[in-house]
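Numbering-wise, the sequence shown is residues 54 to 550 according to the numbering used here.
For each residue, glycine too, the CB sits at the ideal point set by N, CA and C.
Owing to the predicted nature of the structure, the values given are computational and were not obtained by experimental measurement.
What follows is a set of notes on a single structure, which appears directly below.
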Amino acid sequence: MCRCERLGASLLGQRTRGGNTLKIAVVGSGYVGLVAAACFAEIGHDVISIDNDAQKILLLQQGHVPIHEEHLPELLERHSGKKLKFSTDLEEAVRQSSAIFIAVGTPSTEDGDADLSYVESVSRAVAAAINDYKIVVEKSTVPVFTSHWVRKVMLLDGAPADLFDVASNPEFLREGTAVVDFLYPDRIVTGGDTTRCSDLLREIYRPLTDGSYYKRTDRVAIVAPANWPGAARLIGTSTKSAEIIKHASNAFLATKISFINAVSNICESVGADVKEVCEGIGSDSRIGNRFLNPGIGYGGSCFPKDLKAFRHVARENGYEFSLLSSVIAINEEQRARFLRKVRTALWTLKGKKLAVLGLAFKGGTDDIRESPAIEIVKSLLKEGCEIRAYDPAAMERSREVLPSRGISYHDSPYAAASGADALLILTDWNDFADLDLANLRSELSYPIIVDGRNLYQPSSMSNAGFLYYSVGRPDAQPKQQIERPVKMAAASSGKAV
Ligand code: UGA
């Protein structure tokens, strides 16, 4: 019997270019769930995206795109109402689907453990609705042993053991480039403990692994990453290994960032340039030059939470992962160092007007969860600074979490800079690396820039007349003597400004 026959005819729909059309339910329509649902539809499957937030589902049905994610609007427009449906009815979706992906939130508990209560309640609902063989796939980031627990609660809730398998299929999507990451992955990891389960997972991703998706003329016009091999690589593992792969990948990337932040601190102490150091170490192919950008520390909905969860699961299983404690400590210290840098640039902070460029946790997203920029703004407000903020996408969300007093929001970097005593760069938006420096200089009261993302060369800032402070590189002084602040000069000459 061939593999496909073993899957059972009921699981496989009609044959399409590049594979079988499968019926898939994706539970949770947040960043991960919505992107996965749209991309599964894009590679040919019939998908139901489920959420218990009726308002969210209604908006999705009406064509609203709830998150800022490149290419997602295009995919939703193409597939909504056709290969991609939105619903709040989990049980019906389970009955109709052969694979149920769980992509609900797994927030941190107080002690750093992952709160798996949403995963548990979805597992119970799936158990209640199961009518024929299905795979239940963890897509959310979960600690090792979660698949074991999902299986256990489903059995306790009466799901027949032969009617389901639990798998782990971690995602490696970055916010802002999630669609490209899904369709052109470095690797796809599928963890399953039975052949029928692993086969079904492989079938789902076949259009990517056999390369047929990339030959389609109607595929989304995405520029493939450099060195793209032409087909995605699938790594099949046990469920436990797949669960560990997800946590270990994020922990390693965060370790790389904290490592280079620590190196940048030594560079500052001795007067070396971390950019040169990065080039020197990153060109060793064993190290690589990606994820070696020093700054104000990592943030976002994944790294901070996942590191704590991985450390917690290690501790519970008898291993003290002290390396991760150091990674977390260095990351927190990096924000404090940036604040000290602002003080060094401005002396006292109370009453200072500061232009802030960037509130999102990184460029290309409106997400402010665990954003180092937001934490820095909060600290500056506490010190009595007046903040003039600009972010291309994250201002609406920031308004919800930042105090309303002491902060104003502006519609361009130049408007934010107007009359400010200094400008702080807190997020690596591409737009911020390409500012009109003369214009910026004329808006600021004092030509001071503290760049937490190293977006400029100190020499070009010096030529443009700025006092420029960055991370891990020597401070730059303006080439020419600083002119009197525009407003003071005008006041002494009696001119109104
Ligand atoms: C991260 C991982 O990169 C994804 O592979 C993973 O799927 C995802 O978490 C997840 O677990 O869901 P993401 O949080 O979107 O993706 O953002 P990254 O691009 O990884 O950046 C994370 C943080 O590190 C940001 O605050 C960023 O500014 C910071 N960072 C990144 C640095 O400070 N330096 C760098 O060199 C790179």
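Residue i vs residue j beta-carbon contact at 7 Å
i           : j           : result
residue 351 : residue 310 : yes
residue 189 : residue 197 : no
residue 478 : residue 412 : no
residue 165 : residue 361 : yes
residue 295 : residue 221 : yes
residue 266 : residue 77  : no
residue 246 : residue 290 : no
residue 193 : residue 155 : yes
residue 333 : residue 342 : no
Contact test: residue i Cβ vs the ligand UGA heavy atom, cutoff 6 Å
i           : result
residue 310 : yes
residue 226 : yes
residue 331 : no
residue 171 : no
residue 237 : no
residue 109 : no
residue 342 : no
residue 320 : no
residue 81  : no
residue 305 : no
residue 355 : yes
residue 352 : yes
residue 346 : yes
residue 406 : no
residue 192 : no
residue 414 : yes
For residue i, three-class secondary structure by DSSP
i           : result
residue 234 : helix
residue 208 : helix
residue 54  : With a pLDDT of 38 at residue 54, under the threshold of 50, the predicted position of this residue should be treated as unreliable, and no value is reported.
residue 333 : helix
residue 462 : strand
residue 247 : coil
residue 543 : Low local confidence applies: a pLDDT of 48 at residue 543 is under 50, so the model's placement there is unreliable, and no value is given.
residue 140 : strand
residue 262 : helix
residue 279 : coil
residue 562 : As shown, the chain starts at 54 and ends at 550. That puts residue 562 outside it, with no answer to give.
residue 66  : Residue placement at residue 66 is poorly supported in this model, since its pLDDT is 46, which falls under 50; the coordinates still yield a value, given next. Residue state, collapsed to three classes: coil.
residue 427 : helix
residue 531 : coil
residue 59  : Unreliable placement is indicated for residue 59, whose pLDDT of 43 sits below 50; the coordinate value is still reported in the next sentence. DSSP places residue 59 in helix when its eight states are reduced to three.
residue 290 : strand
Residue i - partner residues in DSSP beta bridges
i           : result
residue 308 : DSSP output for residue 308 lists no bridge partner at all.
residue 476 : 408 and 502
residue 188 : 152 and 218
residue 161 : 167
residue 133 : 137
Contact between the segment 314 to 333 and the segment 123 to 138 (3+ Cβ pairs under 8 Å): no
Do the segment 199 to 212 and the segment 228 to 239 meet, that is, are 3 or more Cβ pairs less than 8 Å apart? no
Three or more C-beta pairs below 8 Å linking the segment 481 to 499 and the segment 420 to 433: no
Can at least three beta-carbon pairs, one atom from the segment 380 to 391 and one from the segment 333 to 350, be found at a separation below 8 Å? yes
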